[in-house]
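Take 255 as the starting number for the sequence shown in our numbering and just add one per residue. All residues carry an ideal CB built from backbone N, CA and C; glycine is no exception. Here's the structure, in structure tokens; my notes come after.
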Amino acid sequence: MDLCEYEGKKLFEKYDISIPRSVLITKDNLYELDSKLKFIRDNNVVIKAQILTGGRMKAGAIKFSTKDKAQAEINDMLGKEFKGFKVNQILVEEMLSIKKERYVALTIDRTSKKILMICSPDGGIDIEELAKTKPGSICKLPFIEFDPNEIHKQLKFIECDELLPIIRKMLNLMRANDASLVEINPLVKVDDSDDWVAADAKVVIDDNALFRHPNFLECVANRSSGLEVEAANKGINYVELDGDVGVIGNGAGLVMATLDVLKEFGVTAANFLDIGGGADFEKVKSCLDIVLKHKDLKGLFINIFGGITRCDEVAKGIIEYKKNNNIDLPMVVRLIGTNEARAKELLESENIASIDSMEQGVEVLKNKIYSNEK
């Protein structure tokens, strides 16, 4: 789970990593802006859209302004979309007078199964681009146990040895919160202080460890739709997208492949749901209930590979739900695997299309949608 910048900076404060003075603005507290900006010592501010994407500066989602112009800038930014993300929250920070910039990150090197420290004296630059243009300015050190002497030696080689205390704090944060990435770019030293200040924050928490961190549940709820939260409470993996066809599958790989085939045929998914393995007809009904609550669906594609999941159980769930809810939405079902022959018999008896091929199924569904629109 990616944290927004302001959420990452809250964690930084907890682990004694300095951050700029700031205030979070939404439509609900916009009227308090003048009073909230009194903490700014001079007139200059940085206005940052809190969206989960990189390249915010290039996209226009970060702006430099003054306190008297901030209201207009924030009004213009709230509700706007940048790189497909709608802005509902804006972080307004004091503008820093910067004399040094550094890049520092801790992440997981899955090949070596170690923590990987990445550091560079060139902060504020895209690290991938820096690796191409100035590879010698990047220090990469994989480690399991924190060895201050070895890390100091590596940092000294690129003249970043003064960052050792910050890296220790970042490591404490990473381990305590099951983070897979803790990145500061840039980490800056300001003119009137000897402290290093995190001018930005990127923190990614391991989704599989969220059960150990109830403090992050509010973050999940804030960025999830009501249906995503409802599904999560039922132990169902569900994601909303921006298309118009609902997708149900079992297994992340099959669901992703289904989305690819839909796209190939010019059809876009409105959502996708993974029913998991061994789903019975009751779970199938619960999954249908969630997917079909999405507004403005034009069709539904169900793609199941039956291993421990029995195709006939899936078919029964589809049939019962359809009867009880009077669904007339175009629907195509592909059931392959355990008890598929029986499943096809059940579906055909209810005039529900059962297709063997993914490509053929998407094509049939597309034709059904267009014929309905006519």
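- The C-beta distance from Ile544 to Leu527 rounds to 6 Å, short enough to meet the 8 Å contact threshold.
- If you draw a 10 Å sphere on the C-beta of Gln408, you find 16 or more other C-beta atoms in it, and that means buried.
- Beta bridge pairing from DSSP links Pro396 with Leu370.
- For the pair Ala569 and Leu601, the Cα-to-Cα distance works out to about 6 Å.
- Within the same chain, Cβ atoms closer than 8 Å to the Cβ of Ile344 are found at Leu278, Ile279, Thr280, Ile301, Lys302, Ala303, Gln304, Ile328, Met331 and Leu332, the five residues on either side in sequence being excluded.
- DSSP links Val300 through a beta bridge to Phe318 and Glu347.
- For the pair Asn491 and Met510, the Cα-to-Cα distance works out to about 13 Å.
- Arg275 sits exposed, since fewer than 16 C-beta atoms from the chains shown fall within 10 Å of its C-beta.
- Checking the DSSP bridge columns, you'll see Val444 partnered with Ile352.
- In this structure, the straight-line span from the alpha carbon of Val451 to that of Asn439 is close to 10 Å.
- In summary, Phe293 is exposed, with fewer than 16 beta-carbon neighbours lying within 10 Å of its beta-carbon over all protein chains present.
- Bounds of any beta strand (DSSP E) do not take in Phe266; it lies within the alpha helix (DSSP H) bounded by Glu259 to Lys268.
- Shown here for Lys354: same chain residues with a beta carbon closer than 6 Å to its own, the five before and five after excluded, namely Lys443 in chain order.
- The Cβ-Cβ distance between Val493 and Asn525 falls below 8 Å.
- Within the same chain, and ignoring the five residues on either side of Gly308 in sequence, no residue has its Cβ closer than 6 Å to its Cβ.
- In the structure shown, Ile490 falls within a coil segment according to DSSP collapsed to helix, strand and coil.
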